[in-house]
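These notes concern the structure reproduced below.
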Amino acid sequence: MRFLFTTTPGFSHTVPLVPLAHAARLAGHEVLFVAGGPALRAATGAGLAACDPAPGEDVTAPYLRLATTAVGDELSVAQVMERVFGAFGRIGEMMLPGLARIARDWRADVVLYPPMLPAGLLAARAAGSLAVVHGIGLRHPLFPLGTDGVPPVLAGAGVTEPPRHPDAELVLAPESLEKINPSAPEDEVPYAVLPLRPSTYNGGGEVPPWALKAPARPRILLTLGSVAAHNDSQAELLSAVVRGSEVLDAEVVVTAGGSDLTTLLGELPGHVRPMTSFLPLGAVLPTCAAVVHHGGMSTMFSALTAGIPQVIVPTTKGDALTNARVMEERGAGVTVDPARCTAATAAEALRRVVREPGFRAVGTDVAAELAAMPDPGDVVGRLAALARAHRS
Numbered sequence: 053m054r055f056l057f058t059t060t061p062g063f064s065h066t067v068p069l070v071p072l073a074h075a076a077r078l079a080g081h082e083v084l085f086v087a088g089g090p091a092l093r094a095a096t097g098a099g100l101a102a103c104d105p106a107p108g109e110d111v112t113a114p115y116l117r118l119a120t121t122a123v124g125d126e127l128s129v130a131q132v133m134e135r136v137f138g139a140f141g142r143i144g145e146m147m148l149p150g151l152a153r154i155a156r157d158w159r160a161d162v163v164l165y166p167p168m169l170p171a172g173l174l175a176a177r178a179a180g181s182l183a184v185v186h187g188i189g190l191r192h193p194l195f196p197l198g199t200d201g202v203p204p205v206l207a208g209a210g211v212t213e214p215p216r217h218p219d220a221e222l223v224l225a226p227e228s229l230e231k232i233n234p235s236a237p238e239d240e241v242p243y244a245v246l247p248l249r250p251s252t253y254n255g256g257g258e259v260p261p262w263a264l265k266a267p268a269r270p271r272i273l274l275t276l277g278s279v280a281a282h283n284d285s286q287a288e289l290l291s292a293v294v295r296g297s298e299v300l301d302a303e304v305v306v307t308a309g310g311s312d313l314t315t316l317l318g319e320l321p322g323h324v325r326p327m328t329s330f331l332p333l334g335a336v337l338p339t340c341a342a343v344v345h346h347g348g349m350s351t352m353f354s355a356l357t358a359g360i361p362q363v364i365v366p367t368t369k370g371d372a373l374t375n376a377r378v379m380e381e382r383g384a385g386v387t388v389d390p391a392r393c394t395a396a397t398a399a400e401a402l403r404r405v406v407r408e409p410g411f412r413a414v415g416t417d418v419a420a421e422l423a424a425m426p427d428p429g430d431v432v433g434r435l436a437a438l439a440r441a442h443r444s
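Next comes the structure, spelled out in structure tokens:
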């Protein structure tokens, strides 16, 4: 069969899909990634065949603008989500014509896409393919299509009404997290919901040998994702956490999406290990006592898989805020309000997750839940069966 994966230009919206793509290829299926910008490079970097659906279009621009336009205390959650919907809607508009054409020409049996890219659903319907939402974290309502009528791209496909839902959804979070997830769909959905074990994969990169062995003192990983390269305010948060960590007898590994940390933070204390190149989180997290991050789905699930306590500084009011709340309610971590993130508040949060055993115990429990979920190979088999039934 032919599995077509598509996603937004964001790197963090791409890496959660890669393990299933690899599993499909290992099972003997054909795999094609359709994306632009950093997502295209992430797919080819993972050894996957990839195609740009909108060459000549700057599909990355709306995504990058969110780093500066969807932040700020003056914005409500509703205002943030309005901007998020607008940005991803624009990305979908640019991608859809080429995406639908590729899905038809390649005769895709399955089209997989993240929740924020309903263009994947439209492309699947245009090609007569099985439409599958591939979750990238906690569940939340699917993004709207942005159209009330039948889009022109569906002309000739026998579609008389705009599609309302996919044929299946892959869910990465275990039940103990979803039952406290305030963004989870409240009603039963009219399609298959399949659990999928998440992976710690977040791209390839060189791992320093010291990162593979736990040090004598606790190791804390500090990462705010690639946003530090696009938003100057992140430097203040990084600095506050670094200064707060000085009260602990700990080693702090800092990564900021390839940004020059000395430019961001100035001279670094001796207990800090700055990473100037990309660091695969799955390699270093098992040796850590805690991780401090911005609330991103990929980092959160990597930490959960490793059973590591988390300190979350949610830098946006979308998924990051939901993630922080769920981690805190589950007992897997603590939240520090970025508006009140000082050396003192960071120090207290770090002290709690490193020294109070309850956080590690909950992390171990959630890691066991994740390990018990169906692996990508199992899910590929389920999707192939659904695709055969869909075609019959």
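FYI, the numbering for the sequence shown is 53 to 444, going by the numbering used here. Note that beta-carbon positions come from the ideal geometry of N, C-alpha and C, so glycine has one too. Nothing here was measured: the structure is a model prediction, and the numbers come from that model.
| Asked | Found |
| --- | --- |
| Per DSSP, the bridge partner or partners of V324 | V304 |
| Three CB pairs or more closer than 8 Å across the segment 223-239 and the segment 185-194 | yes |
| Where A171 falls: helix, strand or coil (DSSP) | helix |
| Helix, strand or coil at A395 according to DSSP, with G and I counted as helix | helix |
| Per-residue burial, H346 [other beta carbons within 10 Å of its own, 16 or more giving buried] | buried |
| The ligand FMN heavy atom lying under 7 Å from the CB of A95 | Because no ligand of any kind appears in the structure shown, any question about the ligand FMN cannot be addressed here. |
| Coil, strand or helix - V202 by DSSP | coil |
| Buried/exposed call for K265, threshold 16 Cβ in 10 Å | exposed |
| Inter-residue Cα distance where the pair is V344 and L274 | 5 Å |
| Entirely enclosed alpha helix (DSSP H) segments - the segment 54-134, minimum 4 residues | 70-78, 89-97, 112-121 |
| Residue from V294, V324, L290 whose Cα sits closest to the Cα of E303 | V324 |
| Pair within 8 Å by beta-carbon distance, L174 and V136 | no |
| Cα-Cα separation between L320 and E238, rounded to whole angstroms | 47 Å |
| Whether V365 touches L289 by CB criterion (8 Å) | yes |
| Closest by C-alpha distance to M352, when choosing among A76, T368, V245, G385 | G385 |
| Inter-residue spacing [alpha-carbon to alpha-carbon] between V129 and A268 | 42 Å |
| A220 (DSSP reduced to helix, strand or coil) | strand |
| Secondary structure of L194, DSSP reduced to three states | coil |
| A160 in three-state terms, based on DSSP | coil |
| Residues bridged to A342 [DSSP beta-bridge criterion] | I272 |
| Supposed close pair T66, L169 - CB separation, criterion 8 Å | About 11 Å separates the two Cβ atoms, so there is no contact after all. |
| Proximal residues to L373 (C-beta, below 6 Å), its chain only, five neighbours per side dropped | P366 |
| Sheet register partners of Y165 (DSSP bridge) | V185 |
| Cβ-based neighbour list, F85, same chain, cut-off 6 Å, excluding 5 preceding and 5 following | F57, A95, L100, A102 |
| Element boundaries [beta strand (DSSP E), containing P247] | 244-247 |
| Of the residues L118, P149, F63, T314, the one placed nearest K369, counting alpha carbons only | L118 |
| Nearest-angstrom Cα separation, counted from L246 out to G446 | Residue 446 cannot be examined here, being either before or after the span of the chain that is shown, 53 to 444. |
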